[in-house]
(Lines of atoms letter the chains of each structure in order from A and count residues from 1; the text may use other names and numbers.)
(Lines give C-alpha, C1' and ligand atoms only; values in the text may rest on other atoms or scores of the structure.)
Protein backbone atom coordinates (compact mmCIF):
# COMPACT_ATOMS: atom_id res chain seq x y z
CA UNK A 1 0.00 0.00 0.00
CA UNK A 2 1.41 3.41 -0.92
CA UNK A 3 1.02 6.48 1.21
CA UNK A 4 0.48 8.86 -1.72
CA UNK A 5 -1.19 8.32 -5.04
CA UNK A 6 0.66 9.74 -8.09
CA UNK A 7 -1.52 12.89 -8.37
CA UNK A 8 -1.14 13.57 -4.64
CA UNK A 9 2.63 13.08 -4.89
CA UNK A 10 2.79 15.56 -7.78
CA UNK A 11 0.74 18.03 -5.78
CA UNK A 12 3.04 17.61 -2.76
CA UNK A 13 6.16 18.30 -4.89
CA UNK A 14 4.52 21.38 -6.42
CA UNK A 15 3.57 22.68 -2.97
CA UNK A 16 7.10 22.08 -1.67
CA UNK A 17 8.58 23.94 -4.66
CA UNK A 18 6.27 26.91 -4.09
CA UNK A 19 7.02 27.04 -0.37
CA UNK A 20 10.79 26.86 -0.90
CA UNK A 21 10.79 29.51 -3.61
CA UNK A 22 8.52 31.71 -1.49
CA UNK A 23 10.98 31.74 1.42
CA UNK A 24 13.90 32.71 -0.83
CA UNK A 25 15.53 29.29 -1.15
CA UNK A 26 17.47 28.72 -4.35
CA UNK A 27 20.21 26.35 -5.42
CA UNK A 28 23.73 27.73 -5.32
CA UNK A 29 25.37 28.33 -8.62
CA UNK A 30 29.07 28.07 -9.34
CA UNK A 31 31.11 31.09 -8.40
CA UNK A 32 32.14 33.46 -11.16
CA UNK A 33 35.80 33.80 -12.01
CA UNK A 34 37.23 35.88 -14.85
CA UNK A 35 38.05 33.89 -17.99
CA UNK A 36 41.57 35.34 -18.09
CA UNK A 37 42.36 34.39 -14.47
CA UNK A 38 44.04 31.09 -15.34
CA UNK A 39 45.10 28.54 -12.73
CA UNK A 40 44.71 29.53 -9.08
CA UNK A 41 46.98 28.59 -6.19
CA UNK A 42 45.57 28.68 -2.66
CA UNK A 43 48.15 29.47 0.01
CA UNK A 44 47.93 30.02 3.74
CA UNK A 45 50.16 31.43 6.44
CA UNK A 46 49.14 28.39 8.50
CA UNK A 47 51.01 25.27 7.46
CA UNK A 48 48.69 22.37 6.52
CA UNK A 49 45.64 24.61 6.77
CA UNK A 50 42.33 22.73 6.48
CA UNK A 51 40.72 26.05 5.46
CA UNK A 52 43.06 26.40 2.47
CA UNK A 53 42.23 22.83 1.43
CA UNK A 54 38.49 23.54 1.68
CA UNK A 55 38.79 26.75 -0.36
CA UNK A 56 40.80 24.92 -3.04
CA UNK A 57 38.17 22.17 -3.14
CA UNK A 58 35.42 24.78 -3.51
CA UNK A 59 37.29 26.52 -6.33
CA UNK A 60 37.82 23.20 -8.10
CA UNK A 61 34.11 22.36 -7.74
CA UNK A 62 33.30 25.72 -9.33
CA UNK A 63 35.36 24.94 -12.39
CA UNK A 64 38.61 26.70 -11.49
CA UNK A 65 41.90 25.04 -12.35
CA UNK A 66 44.03 24.63 -9.23
CA UNK A 67 47.70 25.35 -9.93
CA UNK A 68 50.30 22.80 -8.94
CA UNK A 69 53.59 23.71 -7.29
CA UNK A 70 55.56 23.64 -10.55
CA UNK A 71 53.60 26.52 -12.10
CA UNK A 72 55.19 29.90 -11.42
CA UNK A 73 53.03 32.80 -12.68
CA UNK A 74 49.54 31.96 -11.38
CA UNK A 75 46.72 33.75 -9.63
CA UNK A 76 46.92 33.32 -5.87
CA UNK A 77 44.20 33.27 -3.25
CA UNK A 78 46.26 33.95 -0.16
CA UNK A 79 44.86 33.34 3.30
CA UNK A 80 46.92 35.89 5.20
CA UNK A 81 45.76 34.97 8.69
CA UNK A 82 43.53 32.51 10.56
CA UNK A 83 42.65 33.24 14.18
CA UNK A 84 40.61 31.23 16.69
CA UNK A 85 39.30 32.40 20.03
CA UNK A 86 36.98 31.34 22.84
CA UNK A 87 35.24 33.96 24.91
CA UNK A 88 33.05 33.20 27.92
CA UNK A 89 29.61 34.76 27.58
CA UNK A 90 27.99 33.52 30.80
CA UNK A 91 29.15 32.27 34.19
CA UNK A 92 27.46 30.38 37.03
CA UNK A 93 27.19 31.39 40.68
CA UNK A 94 30.66 29.89 41.34
CA UNK A 95 32.35 32.00 38.66
CA UNK A 96 32.78 29.10 36.22
CA UNK A 97 32.07 29.67 32.55
CA UNK A 98 28.85 28.05 31.42
CA UNK A 99 28.61 29.30 27.85
CA UNK A 100 31.28 30.26 25.33
CA UNK A 101 31.44 31.99 21.99
CA UNK A 102 33.83 30.27 19.56
CA UNK A 103 35.18 32.84 17.09
CA UNK A 104 37.03 32.29 13.82
CA UNK A 105 38.50 35.12 11.75
CA UNK A 106 40.37 34.92 8.46
CA UNK A 107 42.01 37.54 6.27
CA UNK A 108 42.37 36.79 2.55
CA UNK A 109 43.27 38.42 -0.76
CA UNK A 110 43.02 37.20 -4.38
CA UNK A 111 45.78 38.37 -6.72
CA UNK A 112 46.11 37.88 -10.46
CA UNK A 113 49.23 36.29 -11.92
CA UNK A 114 50.68 39.79 -12.56
CA UNK A 115 50.33 40.67 -8.86
CA UNK A 116 47.37 43.04 -9.19
CA UNK A 117 44.53 42.54 -6.72
CA UNK A 118 41.33 41.06 -8.08
CA UNK A 119 39.74 40.86 -4.62
CA UNK A 120 41.28 43.29 -2.11
CA UNK A 121 42.31 42.09 1.33
CA UNK A 122 39.23 41.36 3.44
CA UNK A 123 38.44 40.08 6.91
CA UNK A 124 35.75 37.47 7.49
CA UNK A 125 34.62 36.73 11.06
CA UNK A 126 32.28 33.96 12.18
CA UNK A 127 31.18 32.82 15.63
CA UNK A 128 29.10 30.12 17.28
CA UNK A 129 27.94 29.84 20.87
CA UNK A 130 28.05 26.62 22.87
CA UNK A 131 27.24 25.49 26.39
CA UNK A 132 30.06 24.16 28.56
CA UNK A 133 29.14 22.13 31.59
CA UNK A 134 32.04 21.87 34.07
CA UNK A 135 30.90 18.33 34.97
CA UNK A 136 31.12 17.13 31.31
CA UNK A 137 34.46 18.31 29.91
CA UNK A 138 34.66 15.52 27.31
CA UNK A 139 31.30 16.37 25.77
CA UNK A 140 32.21 20.05 25.65
CA UNK A 141 35.49 19.45 23.82
CA UNK A 142 33.72 17.20 21.29
CA UNK A 143 31.05 19.86 20.72
CA UNK A 144 33.78 22.48 20.26
CA UNK A 145 35.53 20.32 17.64
CA UNK A 146 32.27 19.85 15.74
CA UNK A 147 31.63 23.61 15.83
CA UNK A 148 35.21 24.31 14.66
CA UNK A 149 34.73 22.00 11.66
CA UNK A 150 31.42 23.71 10.89
CA UNK A 151 33.04 27.16 11.13
CA UNK A 152 35.86 26.10 8.77
CA UNK A 153 33.32 24.92 6.19
CA UNK A 154 31.31 28.12 6.53
CA UNK A 155 34.48 30.23 6.32
CA UNK A 156 35.51 28.54 3.05
CA UNK A 157 32.02 29.14 1.64
CA UNK A 158 32.07 32.75 2.81
CA UNK A 159 35.45 33.42 1.18
CA UNK A 160 34.20 31.92 -2.10
CA UNK A 161 30.98 33.99 -1.93
CA UNK A 162 33.02 37.16 -1.42
CA UNK A 163 35.22 36.33 -4.40
CA UNK A 164 32.09 35.68 -6.44
CA UNK A 165 30.50 38.95 -5.33
CA UNK A 166 33.52 41.04 -6.29
CA UNK A 167 33.89 39.33 -9.67
CA UNK A 168 30.17 39.66 -10.49
CA UNK A 169 30.22 43.35 -9.50
CA UNK A 170 32.91 44.00 -12.10
CA UNK A 171 35.75 46.49 -11.97
CA UNK A 172 35.26 49.56 -9.80
CA UNK A 173 34.06 52.68 -11.56
CA UNK A 174 36.85 55.24 -11.86
CA UNK A 175 35.92 58.74 -10.66
CA UNK A 176 36.04 61.53 -13.22
CA UNK A 177 39.36 63.31 -13.37
CA UNK A 178 39.69 66.85 -12.03
CA UNK A 179 40.35 68.27 -15.49
CA UNK A 180 36.89 67.21 -16.70
CA UNK A 181 34.97 69.14 -14.04
CA UNK A 182 34.97 72.92 -13.83
CA UNK A 183 36.64 74.60 -10.89
CA UNK A 184 34.18 75.90 -8.28
CA UNK A 185 34.07 79.66 -8.15
CA UNK A 186 35.09 81.39 -4.95
CA UNK A 187 32.98 84.39 -3.92
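In full-length UniProt numbering, the protein residues as written are 1 to 187. For glycine and all other residues, C-beta sits at the position ideal for the given N, C-alpha and C.
Residue pairing of residue 81 in beta bridges, as defined by DSSP: 107. Here residue 55 has 42, 156, 159 as same chain residues with Cβ atoms under 6 Å from its own Cβ, once five neighbours each way along the sequence are excluded. The continuous alpha helix (DSSP H) containing residue 50 extends over residues 50 to 61. Under DSSP, the beta-bridge partners assigned to residue 127 are 103. By DSSP's assignment, residue 75 forms a beta bridge with 40. Shown here, residue 153 sits in a helix according to DSSP, grouped into three states.
In this structure, the alpha-carbon of residue 36 lies about 44 Å from that of residue 142. Counting of Cβ neighbours within 10 angstroms places residue 45 among the exposed residues, the total staying below 16. When DSSP reads this structure, residue 66 sits in a beta bridge with 40. Residue 52 is positioned such that its CB atom lies no closer than 7 Å to that of residue 31. Residue 112 sits in coil when the DSSP states are folded into three classes, being neither helix nor strand.
Residue 126 has its alpha-carbon roughly 27 Å from the corresponding atom of residue 171.
The alpha carbon of residue 90 has as its nearest neighbour, out of 100, 82, 84, 114, the alpha carbon of 100. Distance from the Cα of residue 133 is smallest, within the candidate group 146, 65, 96, for 96.
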